[in-house]
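Asker: After the structure tokens below, expect a handful of questions from me.
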Amino acid sequence: MNVQPEQTAPSAVCGLADELQAPDTLRAPASFWQRLLRSRVGVVSLMVVVLLLVAALFGPLLYPIDPTRADFRSINAAPSLAHPLGTDRLGHDTLARLLAGLRVSLLVAAVVEVINILVGGLLGLLAGYFGGWVDTVIARLADMVFAFPGLLLAILVGAVFGQWVTEHYGSTARLVLVAASLSLVGWPLMARYVRGQTLSLRERDFVLAARALGQRERGILWHHILPNVAGLVITAATLDVVNAVVGEATLSLLGLGIQSPATSIGKMIVEATPQLSQNALLVLAPAVTLAIIVLAFSFLGDGLRQAFNPGER
Amino acid sequence: MPLRTTYVARRCITMLRFLARRGVSLVFVLFSLTFLTFMIGHLAPGDPILVLMGPRRDPATYARLQHLYGLDQPLLVQYGNYALGLLRGDFGLSFQYEGRPVRQLIAQGVGISLTVGGLALALSLLLGIPFGMLAALRQHSLADRGIVSVALALYAIPSFVLIPVLWAINLAAYRAGLPSLPQAGWGRPEHLVLPVLVLAAANIGYVIQLTRSAMLEVLREDYVRTARAKGLRYWVVVNRHVLRNALLPLITFIGPAAAFLVTGAFVVEVLFNIPGMGRIAVEAVGRRDYPVIQGTTIILGIAVVLMNLVSDLLYHVFDPRIQLID
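This is how it looks when you write it as structure tokens:
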């Protein structure tokens, strides 16, 4: 993937250049939102993602049923007015559990991406901008992580520290550990993207101009490099949400993810799979939700990439 | 001919230089793999010796066990011993089964995992290449669009979503009295079908996309047009000129595919109850048997590293134009 966000060079320099090269059309160039919303896929995926976020954030308010309350009168029930998606073998309402699971899955993904951006983004920025030994050290760190294929490192960390963290610091800490172990695997990719982008930005005229005007390195990084990397970072993080959600589900399958009574989309699928023959909806509901998450975030990521760099297609 | 000799000599030198450089990075990767794994295992909470001793706690047994596992030595010495042991194929002793070598525990799983993974890899190439070719040769047709959509779907669907779907279909077939497969288990050839299908699914999608885009690129080349223009038959051109060049990039697919198979092996072996490396590792997780977890991690890591090296070398053997730079 080669993502290049739009350039937001200092307007004083850029405006002059624009006047010298008379534009062919009189229309103002489309803004970021216009470009994103121009494609049907972009609009739909954005709407679905917003819906998913609303459901995750306000789900318990909109559908105020306790996901842990066992309704013994209806066990493994088919969908009804009382339980729109039926119940599981303990009489838990499937829709309520689905909303709770969605919330946890997206929360894990959000924490993963925040860590990826803070750690991977920062290290990539430093490696790309300063080069030299900084670059070498960070590259070696990334290589160490890359030595572990797939989720192996996350599995190792979860296997060794998981139970202990839950016992000593509770379930919230476990959620953070799950997210952190997924970030441990994911940050080098973010660092690599940001490093590449920073390397090319560093040589641009507007950076040279800023330096010539006497701006300090930190100011250049903060005011000139960072805004130009932001689009790439947002795009990469959006696309990586899919990896985080699926990664958490894989860890859950191995018993290393979110712990009961909390649940996540992946955990629901894993737990319901043995009861497939009795209650197919129990697997189907979270599986379809997962598919929607995967598709929506992938397409939104693609839309963002195109909106951030109008030239490339 | 002297010219030919110089050429061969030069290629040999490039190859040797490449191997040397790759050797250095291989050593670094192996060091990272073993050192991180060792450190994580060392930082593991809880005293493994106390766990091992259970209720019978006396200092003499403690000292004996500590010495048996080498835990009474400085940390770096412990790592050194561990690494030296690894070179001899010694992965230490299991915590769970007192004094039993990890190697013995893992050995049974390696072949099983290799069988499932290898078959999945072969199936993904066998199905992926023809469909990718078909899509490229009929670009923009209905078949092309259908294949591309299916490939995308296969690539995007996580295995633990695919597994319930396959199980549901299989169950329906069983109930309808149609021929069906065992849902899970190990021992008979039928047991292989579903796990291999699941493991191959995502890679099939990936191979289709790779083959299709590589074919499309080659089809646009001048030499293909020349071959057609000089009167060669369509299928001869496709076979001799297009296919050979288009399939080359597929060699690079082996590395990422191996990495994917490793994570996939965990999911598939657990859900299908296959006694491979993945399930051994997961069972060790449940029993906090760190040496076994470390051993499986290192073996799986090394397997992927070697696959990457092999795919790089093969790429060079098949296409001497490729510069061996890493």
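Going down the list, the protein sequences come from chains V and S. Just so we're aligned, residue 351 is where the first sequence starts under the working numbering, counting upward by one. Just so we're aligned, residue 81 is where the second sequence starts under the working numbering, counting upward by one. Built from N, CA and C at the ideal position, the CB exists for glycine as well.
1) For LYS617 of chain V, does the count of other Cβ atoms within 10 angstroms reach 16, so buried, or fall short, so exposed?
2) Tell me which residue opens and which closes the alpha helix (DSSP H) that THR613 of chain V is part of.
3) How is the alpha helix (DSSP H) around TYR413 of chain V delimited, first residue to last?
4) I'd like to know whether the C-beta of SER204 of chain S is nearer than 8 Å to at least one C-beta of chain V.
5) Taking DSSP's pairing of strands, which residues face ASP485 of chain V in a bridge?
6) By how many angstroms is the C-alpha of ALA477 of chain V removed from the C-alpha of LEU274 of chain S?
7) Would PRO34 of chain S be called buried (16 or more neighbouring beta carbons within 10 Å of its own) or exposed?
8) For THR437 of chain V, count the other beta carbons within 10 Å of its own beta carbon; 16 or more makes it buried, fewer makes it exposed. Which is it?
9) Would DSSP call PRO499 of chain V helix, strand or coil?
10) Does the distance from the C-beta atom of THR117 of chain S to that of LEU606 of chain V stay below 8 Å?
11) What whole-angstrom Cβ distance do SER193 of chain S and GLY358 of chain S have, given they're in contact under 8 Å?
12) Taking 8 Å as the cut-off, decide whether the C-beta atoms of VAL633 of chain V and ALA236 of chain S are in contact.
13) DSSP three-state label for PRO135 of chain S, please.
14) Along chain S, in chain order, which residues have C-beta atoms closer than 8 Å to that of LEU603 of chain V?
15) Applying the 10 Å Cβ sphere with the 16-neighbour rule, what's the burial state of MET295 of chain S?
16) 8 Å is my cut-off, CB to CB: does PRO244 of chain S come that close to chain V?
17) Rounded C-beta distance between LEU448 of chain V and ALA406 of chain V? I'm assuming under 8 Å.
18) If you follow the alpha helix (DSSP H) that PRO371 of chain S is part of, which residue opens it and which one closes it?
19) Helix, strand or coil for VAL304 of chain S? Go by DSSP, reduced to three states.
20) CA-CA distance, GLY208 of chain S and TYR142 of chain S?
21) Could you give the residue range of the alpha helix (DSSP H) that holds ASN659 of chain V?
22) Roughly how many angstroms separate the alpha carbons of ASN659 of chain V and ALA586 of chain V, rounded to a whole number?
23) With 8 Å set as the bound, which would you pick, yes or no: does the beta-carbon of GLY671 of chain V sit closer than that to a beta-carbon of chain S?
24) Report back the beta-carbon spacing between LEU279 of chain S and GLY169 of chain S to the nearest angstrom; my notes put them in contact at under 8 Å.
25) Tell me whether the stretch 375-391 of chain S and the stretch 332-350 of chain S touch, counting them as touching only if at least three CB pairs, one residue from each stretch, are closer than 8 Å.
26) Can you find the residues in the same chain that come closer than 6 Å, C-beta to C-beta, to ILE331 of chain S, ignoring five residues on each side of it along the sequence?
27) Could you work out which residue in S:ALA307, S:TYR149, S:LEU380 is closest to ALA187 of chain S when comparing CA atoms only?
28) What does DSSP give as the partner residues of ASP443 of chain V in its beta bridges?
29) Rounded to whole angstroms, what's the CA-CA distance from ARG292 of chain S to ASP421 of chain V? Just pull it up for me.
30) Can you tell me where the alpha helix (DSSP H) holding VAL583 of chain V begins and where it ends?
31) Cα-Cα, which of S:VAL109, S:ALA100, S:SER105 is closest to PRO499 of chain V?
32) Would you list the residues sitting across from PRO181 of chain S in a DSSP beta bridge?
33) Name the two residues that bound the continuous alpha helix (DSSP H) containing PRO275 of chain S.
34) Note down, in chain order, each residue of its chain lying with its Cβ closer than 6 Å to the Cβ of GLY285 of chain S, except the 5 sequence neighbours on either side.
35) Indicate the three-state DSSP secondary structure (helix, strand or coil) for ASP652 of chain V in the structure shown.
36) What's the gap between the Cα of GLN184 of chain S and the Cα of ASN353 of chain S?
Answerer: The relevant details are as follows:
1) buried
2) Secondary structure note for THR613 of chain V: it is in no alpha helix (DSSP H), with a DSSP letter that is neither H nor E.
3) Looking at the DSSP string, TYR413 of chain V is not in any alpha helix (DSSP H), and its letter there is neither H nor E.
4) Output row for SER204 of chain S: interface = no.
5) DSSP, once it has assigned bridges, lists no residue as partnering ASP485 of chain V.
6) 45 Å
7) This structure does not reach residue 34 of chain S, given that chain S is present from 81 up to 406, and the question cannot be answered.
8) Its Cβ being crowded by 16 or more others within 10 Å, THR437 of chain V is buried.
9) coil
10) no
11) 7 Å
12) No, they are not a contact pair.
13) coil
14) PHE240, PHE346, VAL347, VAL350, LEU351
15) buried
16) yes
17) In this structure LEU448 of chain V is not in contact with ALA406 of chain V, their Cβ atoms being roughly 11 Å apart against a cut-off of 8 Å.
18) 370-398
19) Per DSSP, reduced to three states, the secondary structure at VAL304 of chain S is helical.
20) 57 Å
21) Taken as a continuous stretch (DSSP letters only), ASN659 of chain V belongs to no alpha helix (DSSP H), as it is neither H nor E.
22) 14 Å
23) With chain V covering only 351 through 663, there is no way to say anything about residue 671 of chain V.
24) Contact flag wrong, Cβ pair sits at about 27 Å.
25) yes
26) SER391, LEU394, TYR395
27) S:LEU380
28) V:THR437
29) Roughly 53 Å separates the two Cα atoms.
30) 576-603
31) Closest option to PRO499 of chain V, Cα to Cα, is S:VAL109.
32) Bridge partners of PRO181 of chain S: S:LEU173.
33) 270-299
34) Same-chain partners within the cutoff: ALA231, LEU234, TYR235.
35) In the three-state DSSP reduction, ASP652 of chain V falls in the helix class (H, G or I).
36) Looking at the backbone, the Cα of GLN184 of chain S and that of ASN353 of chain S are separated by about 20 Å.
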